[in-house]
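Notes to accompany the following structure.
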Ligand SMILES: [Zn+2]
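Residue numbers (the working numbering): 3 to 186.
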């Protein structure tokens, strides 16, 4: 079938596969029975953004580990002589949660396309690296096999938060890039 596409805005005939009307420049929707014309690069994952997300998460964590984390441990564990470090661990988890969510949101907002793949992959990779390091160094206060399970659950939660941040970021991007219609 080599039927031209009729512009819905001005009625001009356009060659098959046209994305935009050559007469008035309006976007042309493909006929319903036709596979939509794929935009170049739309189906590709932007690995640069994945790497940027992983790098950003790890960088912020290094900064936190060197600055805020020792302070929290001193104030909440050493000075209070609290035998259980769970309060401090909870605060550190909340900081980690915020980092994953915000980085996921940034990657989702600024990576091309409205898919959540880049922030999702970045969050999973960063969480896997962290979980691996944490288990390997055995730096967690909860040691043993149950400690590994807790570590995995914690980082699975953080990865999920990165994913959630990615969804929010994509929504923000969609809102920012969708042209406003008059009256809406
Ligand atoms: Zn037209």
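Built from N, CA and C at the ideal position, the CB exists for glycine as well.
Asked, Found
"Cβ-heavy atom distance, residue 11 to ligand 1, below 8 angstroms", "yes"
"Buried or exposed by the 16-neighbour rule on C-beta atoms within 10 Å, applied to residue 180", "exposed"
"Per-residue burial, residue 111 [other beta carbons within 10 Å of its own, 16 or more giving buried]", "buried"
"beta-carbon residue 25 near ligand 1 non-hydrogen atom, thresh 8 angstroms", "yes"
"Same chain only: Cβ atoms within 8 angstroms of residue 150, ignoring 5 sequence neighbours per side", "137"
"For residue 121 and residue 167, believed in contact at Cβ under 8 angstroms, the rounded distance", "6 angstroms"
"Spatial distance of residue 108 from residue 52 (CA atoms)", "11 angstroms"
"Limits of the alpha helix (DSSP H) - the one that residue 90 falls within", "88-112"
"Rounded separation between residue 19 and residue 29 - CA only", "11 angstroms"
"Cβ shell of residue 12 (< 8 angstroms), same chain only, five flanking positions each side left out", "23, 25, 26 and 28"
"Inter-stretch contact at 8 angstroms, needing at least 3 Cβ pairs: the stretch 125-137 / the stretch 54-67", "yes"
"DSSP three-state assignment for residue 31, whether helix, strand or coil", "coil"
"Separation of residue 82 from residue 48, as counted between CA atoms", "47 angstroms"
"Whether residue 171 touches residue 106 by CB criterion (9 angstroms)", "yes"
"Residues bridged to residue 16 (per DSSP)", "7"
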